[in-house]
Amino acid sequence: KAGNIPEVTVRLTELPDKVHQATLVDAKDPSKEVTYTAMRTYGGWGWKQRYQVKIGNNHYILPIQWNQATSRWVPYNLQLWYNEDGSLKQPSIDRSFEMSCAGCHNTGLELKKVDKGYESSYVELNIGCEKCHGPGSEHIKGPKVKGKIVNPRKLDYERGLEVCGQCHSRGRSLPNGTFEFPWNDKDNKPYKLGEPLANDYKFAPGLWGDPEAHSKSHHQQWLDYQKSTHFQAKVVCFDCHNPHGGPGRFQLVKADFNNNLCLSCHEKDKKFADPEAIRMHTKHNYAPETKGTSRCSSCHMVRTASSAEAGDIHAHDFKIIKPQVSLEMFKKDPKNVVANSCNGCHQDRAGDLAAFEIGVKAYESKFGK
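What follows is the structure in structure tokens.
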């Protein structure tokens with residue numbers, strides 16, 4: 022059940038040959054049902070897993086999702102498969118994987134306009150080298166010749182960041198808004214690395230209603246980042262993340278749970294020269310590894326956005342969100358409240374007016390208004 026859609030039933034079946042099927046039951050007339058075979062899975066690393074079926078020439082994501090953190094099934098866009106009376110329908114072509122997702126999940130994507138929608142072909146089903154480095158054929162012919170491959174670090178600052186930002190953002194293609202990823206939909210050409218992303222993409226983020234407009238939806242890190250002092254200081258995404266794979270979570274170049282990542286730059290500032298200095302800054306005991314207290318990312322990377330479960334994606338503007346912000350939002354609409362910097366450790370104290378007021382008083386007693 023979700024939104025205005027009544028409770029519906031989806032049955033999952035595994036056949037002996039490891040073929041997986043999903044049967045969608047019509048809630049208005051349970052004698053009607055449709056069975057689809059899962060052709061692809063996406064996800065399964067850290068957040069969620071979704072399942073694709075093929076209808077005609079296009080793929081569609083089933084209206085169910087497996088959330089890893091909580092080991093539970095949840096609905097996903099039920100309204101694409103069901104009417105408000107619970108009767109079944111087929112999803113519209115503009116919500117196909119090809120038109121909504123492929124641009125950021127395939128490498129070497131090509132889209133061919135057909136009578137109904139678009140057919141896709143690709144070099145790699147998932148993200149490969151050429152997604153961030155461009156076509157490699159000329160590089161293979163002359164690997165020592167400069168300029169035959171894209172190196173994001175050697176591009177202009179914003180163009181280099183947009184290599185990441187092409188997918189870590191949310192919006193519509195230009196000029197017609199045909200796709201939910203960067204694409205020149207007039208000439209039917211993909212976004213070209215090194216060119217301004219704004220040529221092929223209009224941002225349309227999902228945001229909270231707080232004054233800083235923090236991200237509510239996932240894959241918006243690039244939109245967050247442009248608001249940060251890191252952006253002003255010309256720090257790049259790959260100073261902190263190794264896109265080829267890092268030793269810790271989130272492909273970080275160093276661990277963040279012990280502050281090593283942040284301190285690799287910030288320990289040069291006397292305010293963070295040693296644990297005591299950091300304790301004075303945070304007004305909390307210094308135990309980032311064991312208790313999470315005085316961990317930089319706990320306060321400066323609030324879990325405002327959601328991918329699978331609520332608040333499972335860190336903000337990337339690195340700004341403190343005061344409890345006062347949450348309190349004012351709660352007073353206006355208790356169901357629309359952004360998390361604040363204290364909630365990383367004090368989630369159990371959020372949820373009602375008294376709890377928010379206590380949080381504000383505690384914050385002000387340490388840091389002032």
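Position 196 (the sequence shown) corresponds to 217 in the numbering used here; numbering is contiguous.
For each residue, glycine too, the CB sits at the ideal point set by N, CA and C.
Listed as beta-bridge partners of PHE224 by DSSP are GLY192. Classified as exposed, ASN147 has fewer than 16 neighbouring CB atoms from the shown chains inside 10 Å of its CB.
The C-alpha of VAL171 is placed about 16 Å away from the C-alpha of ASN263. In this model, LYS382 and PHE388 are separated by some 10 Å (Cα to Cα).
Collapsing the DSSP output to three states places GLU119 in a helix.
Nearest in C-alpha terms to SER249, of all of HIS287, LYS340 and THR62, is LYS340. In this structure, ILE85 lies away from PRO112, with their beta-carbon atoms at least 9 Å apart. Between LEU182 and PHE271, the C-beta gap is not smaller than 9 Å, which leaves the two residues out of contact. The three-state secondary structure of ASN281, taken from DSSP, is helix. Ranking CYS150, CYS366 and LYS53 by CA distance to the CA of VAL29 puts LYS53 first. Counting along the chain, the unbroken beta strand (DSSP E) around SER142 starts and ends at 139 to 142. The region 239 to 327 contains, as complete alpha helix (DSSP H) runs of 4+ residues, the segments 242 to 246, 250 to 253, 258 to 261, 281 to 287, 296 to 303 and 317 to 321 (chain order).
In the DSSP assignment, GLY64 falls outside any alpha helix (DSSP H) and lies within the beta strand (DSSP E) extending over 61 to 64. A Cβ-Cβ distance of about 6 Å is found for the pair ILE26 and GLU105, placing them in contact under the 8 Å criterion. Under the three-state reduction of DSSP, PRO211 is assigned to strand. Inclusion of PRO344 and GLY380 in the CB contact set at 9 Å is warranted, their separation being smaller than that value.
Assigned with DSSP and collapsed to three states, GLN111 falls in coil, not helix or strand. Secondary structure at GLU216: coil, using DSSP grouped into helix, strand and coil. Pairing GLU159 with PRO217 gives a Cβ-Cβ distance that is not under 9 Å. Annotated three-state conformation of GLN100 is helix, per DSSP. Rounded to whole angstroms, the Cβ separation of CYS317 and CYS283 is 4 Å, and the two are in contact under 8 Å. The Cβ neighbour count for LEU374, taken over all protein chains shown within 10 Å, is under 16; the residue is labelled exposed. Just so you know, the alpha carbons of PRO268 and PHE377 end up roughly 38 Å apart. In this structure VAL74 is in contact with THR58, their Cβ atoms being roughly 6 Å apart against a cut-off of 8 Å. If you ignore the 5 residues before and after LYS134, its C-beta comes within less than 8 Å of the C-beta of ASN209, all in its own chain and listed in chain order.
The C-alpha of TYR103 is placed about 32 Å away from the C-alpha of GLU145. In this structure, the alpha-carbon of GLY215 lies about 20 Å from that of PRO164.
In the DSSP secondary-structure assignment, TYR81 is bridged to VAL74. Minimum Cα-Cα distance from ASP338 among the listed residues SER141, TYR72, GLN70 and CYS258 corresponds to CYS258.
The continuous alpha helix (DSSP H) containing LEU182 extends over residues 178 to 186. PRO203 and ARG174 have their alpha carbons spaced roughly 21 Å apart.
Residue pairing by DSSP places ARG93 opposite ASN88 in a beta bridge. Taking C-beta atoms as the reference points, GLU151 and GLY168 fail to come closer than 9 Å. Measuring C-alpha to C-alpha distances from HIS80 to each of GLU35, TRP87, ASN205 and THR62 identifies THR62 as the nearest.
Taken atom to atom, the span from the alpha-carbon of TYR72 to that of SER328 is near 15 Å.
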